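Undergrad: Quick note, the sequence shown lines up with residues 1067 to 1128 if you use our numbering. Below you'll find the structure I mean.
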Amino acid sequence: PSFKHQKKLRMTMINGNEPMKKHVQSFNKHSGRFIQRLQEQVGRVEFDAEKYVELCMADIIH
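Pasting the structure below:
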């Protein structure tokens, strides 16, 4: 990506336009579910964290 493209993305995030706010709300909602799923695994010797990351990413994208 060019510097100009990166600058445009940063400025969009800083200025907080409406589409970006919607993405942040979605991220907050689904990251909360991600944390709940991880908390269910507390105390286990081992678990596949990648599975939970993939589920979270899928939730955010859809």
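Ideal Cβ placement from N, Cα and C applies to all residues, glycine included. All figures in this text were calculated on a predicted structure; none of them were measured in a lab.
Using the Cα positions of Phe1113 and Gln1107, report the straight-line distance between them to the nearest angstrom.
TA: Rounded to the nearest angstrom, the two C-alpha atoms are 7 Å apart.
Undergrad: Do the CB positions of Asp1125 and His1089 come within less than 8 Å of each other?
TA: Not in contact: Asp1125 and His1089 (Cβ atoms no closer than 8 Å).
Undergrad: By how many angstroms is the C-alpha of Phe1069 removed from the C-alpha of Gly1098?
TA: Approximately 33 Å, taken between the alpha carbons.
Undergrad: Taking 8 Å as the cut-off, decide whether the C-beta atoms of Arg1103 and Leu1121 are in contact.
TA: Contact flag set, yes.
Undergrad: Is the beta carbon of Tyr1118 closer than 8 Å to that of Phe1093?
TA: No; because the gap between Cβ atoms is not below 8 Å, this pair is not in contact.
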